[in-house]
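Take 1 as the starting number for the sequence shown in full-length UniProt numbering and just add one per residue. For each residue, glycine too, the CB sits at the ideal point set by N, CA and C. Remember, predicted model here, so these are calculated numbers, not experimental data. In what follows, a structure is listed as structure tokens, so that the remarks can point back to it.
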Amino acid sequence: MDHLDPNRLIKIDVVTRFLPEQSDQESHRFVFAYDITISNQLNQPVQLLSRRWVVTDGNEHVQEIEGEGVVGEQPVIQPNESYQYTSGTVLATRVGSMYGHYTMETASGERFDAPIPAFTLAQPNALH
Numbered sequence: 001m002d003h004l005d006p007n008r009l010i011k012i013d014v015v016t017r018f019l020p021e022q023s024d025q026e027s028h029r030f031v032f033a034y035d036i037t038i039s040n041q042l043n044q045p046v047q048l049l050s051r052r053w054v055v056t057d058g059n060e061h062v063q064e065i066e067g068e069g070v071v072g073e074q075p076v077i078q079p080n081e082s083y084q085y086t087s088g089t090v091l092a093t094r095v096g097s098m099y100g101h102y103t104m105e106t107a108s109g110e111r112f113d114a115p116i117p118a119f120t121l122a123q124p125n126a127l128h
């Protein structure tokens, strides 16, 4: 039996949006929300234990964020099901990027990191 690579079977989709009503350009405060969908394509449940983000703003200022779960939860995602949540971040610039990983654990106790591909955070019309 082939050993399935769990990293390839956890699919992570990200949709970002700029929040102008919470941002203040003069104070260099640019607020972004991101909607994340985590899909479990393994044949067993997985639990999201922790997260690690690397956030880089347009000035190359890097911030690393680590913690348990997401939005106060450590969800168990059943096979062929998805978990969605919305979170946000504040940058000092109009453009930035994020990437990272979730530490997951299968029902059989195997831990692995599911990579979160890099995505861009940008105020509309900031990228020409």
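Residue ranges of uninterrupted beta strand (DSSP E) with 3 or more members, entirely inside the UniProt domain "ApaG" (4–128) and ordered along the chain, are 10–18, 30–40, 46–57, 62–68, 82–91, 95–106 and 111–122. Distance from the CA atom of H101 to the CA atom of S82, rounded to whole angstroms, is 16 Å. Between G58 and E110, the alpha-carbon positions lie close to 37 Å from each other.
Between V95 and A126, the CB-CB gap stays under 8 Å. Take the alpha-carbon of Q25 and the one of P115: they are about 32 Å apart.
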